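Asks: Below you'll find the structure I mean.
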Amino acid sequence: MERCACPAALLLLSLAVLMGAMAFDVEIKDDKNATCIYAKLSVNVTVQYETNTSSTKNVTFSVPSEVTTNGSSCGSNGKAPILVINFGNGHSWSLNFTRNDSMYSGGALIFTYNTNDSTLFPDALKEGLISSTAAFLGPIPLNSTYKCISSEVVVSENVTQIISDVKLEAFMQNGTLGKEVSCDADKPSPTPTTNPSTTASTTTPTPTSKPLDNPTTGNYSVSDVNGTCLLASMGLQINTSLLSEGKNIWTAFNIDPTAMSKNGTCSNQTGTLILTDNSTVIEFTLALKNKNHFYLKEVNVALINGSASSTRQNQNLSAWEASVGSSYMCHKEQQIKVSEDLVINSFDVRVQLFGVKNETFATAEECFAEQNFIVPIVVGAALGALVILVTVAYFIGRRKQHSAGYEQI
């Protein structure tokens, strides 16, 4: 299923504090009082917005269970059916539907938030209604109910939604729900075949962390109205502590860049790269330091397992530093400590914030671990040896002069 239909590379993600999931349950009826759309689902939203101090902030909230459906319609006269969920101080979540002879699907998923809401956006620079569009749902066979307990990450401009516990059907016949169709994430994994002659072990082995090959290097970029503002190339590996049979076991997995949705946003002072797939969301925020340097300031990670999710963040990093107008490069493996139980290992890192020209990196400033100290060490050793030789020669010369003086006496 499509995760991000919005081509713009501006969006958000700081899933540091996910609120408790709340589901809304609504029915949309036609003029004959027959239900045409049924929807029950939970939506957690994170919005990134610009503050009046030219910085960016993230706010996370849930669509509540108490909502209204003003603006919803079963569709008529060529207009598509639409589900509109209104809540809070002018916020809304809407999804329209399309169909053919055998299938129906969701169209544009539009999330609208009101930055005049001082509770959620107390210091927003831009005030008013702002909409962000993505794609969600489909295709589903007609007369079938889409069901998905597992979480689905939907990313659009400045908005990240985690949608779960979904039960939804449009174009309902006779006002009744059809046969349930489960999402792929809810379907059981294939059971591995076993040799019948092999006796099964009565004990379950304790999971252990096995060495992994280095991850594939991914190439990423973030753009704004002025062009590319952040360029990155790196391999990423997640190391996290998972609870298994009462024990914390460190487990590692590589990030596959071909499976990630790449997005991001830039402001005057920061650039954020967001990588998303069905089970992982990683956000890197780079910032300016003293106007002439940039560095990695913040990393947020969300791990999603079915309808459950856990988040980790570190907002006080000081890594990947280089001069503005240059790029940072480090081929050595590095560790970024996000929390006590989650570490990101990075490989072959090259990043640049601002000053990107022609989609290429500027001259690289290498990390401390790769600076070539051989030449200065050799030069220093040679100079030291020369000083020693001169000193020895001096004392030998003085000794000969003293010896010659004694012989004359």
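Under mature numbering (1 follows the signal peptide of the UniProt record, and there is no 0), residues -23 to -1, 1 to 386 are what the sequence shown spells out, in order. We put the beta carbon where it would ideally sit given N, CA and C, even for glycine. Just so it is clear, the structure is predicted and the values come from calculations on it, not from any experiment.
Using the C-alpha atoms, what's the distance from Val158 back to residue 411?
Replies: Since the first residue shown for the chain is -23 and the last is 386, residue 411 is missing from the structure and cannot be characterised.
Asks: If Gly332 and Ala341 are in contact, beta carbons under 8 Å, what's the gap, nearest whole angstrom?
Replies: Their Cβ separation, rounded to whole angstroms, is 13 Å, which puts Gly332 and Ala341 out of contact at 8 Å.
Asks: Is the distance from the Cβ of Asn269 to the Cβ of Val301 below 8 Å?
Replies: For Asn269 and Val301, yes; Cβs fall inside 8 Å.
Asks: Helix, strand or coil, according to DSSP, for Phe345 in the structure here?
Replies: Three-state DSSP puts Phe345 in a helix.
Asks: Measuring CB to CB, does Ser238 end up less than 8 Å from Val132?
Replies: Yes, they are a contact pair.
Asks: Going by C-alpha to C-alpha distance, which of Phe38, Thr28, Val61 and Asp8 sits closest to Lys17?
Replies: Ranking Phe38, Thr28, Val61 and Asp8 by Cα distance to Lys17 puts Val61 first.
Asks: Are the beta-carbon atoms of Pro118 and Met149 separated by less than 8 Å?
Replies: Going by C-beta atoms, Pro118 is not nearer than 8 Å to Met149.
Asks: To which residues of the same chain is Cys13 closer than 8 Å at the C-beta, ignoring the five residues directly before and after it?
Replies: Excluding sequence neighbours, Cys13 sits near Ile5, Lys6, Asp7, Cys51, Gly52, Pro58, Ala147, Phe148, Met149 and Gly152.
Asks: In terms of residue numbering, what span does the beta strand (DSSP E) encompassing Asp201 cover?
Replies: Per DSSP, Asp201 belongs to the beta strand (DSSP E) from Gly195 to Asp201.
Asks: Short check: CB of Thr249 to CB of Thr262, under 8 Å?
Replies: Cβ atoms of Thr249 and Thr262: closer than 8 Å.
Asks: If distances are taken between C-alpha atoms only, which option among Ser287, Lys274 and Gly241 comes closest to Ser218?
Replies: Residue Ser287 is the option with its Cα nearest to Ser218.
Asks: Of the residues Gly195, Asp142, Thr194 and Cys125, which one's Cα is nearest the Cα of Lys164?
Replies: Minimum Cα distance to Lys164 is reached at Cys125.
Asks: If the criterion is Cβ atoms closer than 8 Å, does the pair Glu343 and Cys307 meet it?
Replies: Cβ distance < 8 Å, so Glu343 and Cys307 count as in contact.
Asks: Under a Cβ-count criterion, where at least 16 other Cβ atoms within 10 Å of its own Cβ denotes burial, should Asn10 be classed as buried or exposed?
Replies: That one is exposed.
Asks: Where DSSP assigns a beta bridge to Ala236, which residues make up the other side?
Replies: Beta-bridge pairing links Ala236 to no other residue.
Asks: Our contact map puts Val199 next to Leu207 with C-beta atoms below 8 Å; I'd like the distance itself, whole angstroms only.
Replies: Correct: roughly 4 Å between the Cβ atoms.
Asks: Measuring alpha carbon to alpha carbon, tell me which residue in Asp161, Leu213 and Cys160 is nearest Asn231.
Replies: Checked all of Asp161, Leu213 and Cys160; the closest Cα to Asn231 is Leu213.
Asks: Give me, in chain order, the residues of the same chain whose beta-carbon lies closer than 6 Å to that of Gln292; leave out the 5 immediate sequence neighbours on both sides.
Replies: Result list for Gln292: Glu275, in chain order.
Asks: Would a C-beta distance cut-off of 8 Å place Val130 and Thr137 closer than the cut-off?
Replies: For Val130 and Thr137, yes; Cβs fall inside 8 Å.
Asks: Figure out for me which residue from Asn335, His68, Thr37 and Pro41 has the closest Cα to the Cα of Gly48.
Replies: Closest option to Gly48, Cα to Cα, is His68.
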